[in-house]
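Novice:
Numbering (our numbering), first residue to last: 923 to 1021.
(1) Can you give the Cα-Cα distance for residue 930 and residue 976, rounded to whole angstroms?
(2) For the beta strand (DSSP E) that contains residue 927, what are its first and last residues?
(3) Could you work out which residue in 937, 971, 1020, 1008 is closest to residue 952 when comparing CA atoms only?
(4) Are the CB atoms of residue 1005 and residue 941 within a distance shorter than 8 Å?
(5) Measure how close the beta-carbons of residue 927 and residue 974 come, nearest whole angstrom, since I'm counting them as under 8 Å.
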């Protein structure tokens, strides 16, 4: 078994986890990723922001790595994710008008 840490909690990495979004959701933790559900039909929302090794990264664009330490629930990250979701929602609504 392989594990990583999310907000200090040890979490198992499933062999089916393709991205950190999968690992985070399988650990029953919440992460916003509206474009992940729509298979990026409307573009990338950039709202699945996490911190890995001191750098902000997108959970949808990173594979789970054994022994990584992920910061998910920190106030600045949550505020930035909220802003990105709002922007993506507006973009999606605009794009749906043309479909």
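All C-beta atoms in this analysis are idealised placements derived from N, C-alpha and C, irrespective of residue type, glycine included.
From a predicted model like this one, the values you see are computed outputs, not experimental measurements.
Specialist: Looking at the coordinates:
(1) Within the chain shown, numbered from 1, the residue matching residue 930 stands at position 8. Within the chain shown, numbered from 1, the residue matching residue 976 stands at position 54. Separation of residue 930 and residue 976 (C-alpha to C-alpha, rounded to the nearest whole angstrom) is 14 Å.
(2) As a working mapping, residue 927 is identified with position 5 in the chain shown. First-last of the beta strand (DSSP E) with residue 927: 924 to 928.
(3) Here residue 952 refers to the residue found at position 30 when the chain shown is read from its first residue. Nearest C-alpha to residue 952: 971.
(4) Taking the first residue of the chain shown as position 1, residue 941 is located at position 19. Taking the first residue of the chain shown as position 1, residue 1005 is located at position 83. Their beta carbons are not under 8 Å apart, which means residue 941 does not touch residue 1005 by this criterion.
(5) The residue given as residue 927 occupies position 5 in the chain shown. The residue given as residue 974 occupies position 52 in the chain shown. Not really, about 11 Å apart at Cβ, beyond 8 Å.
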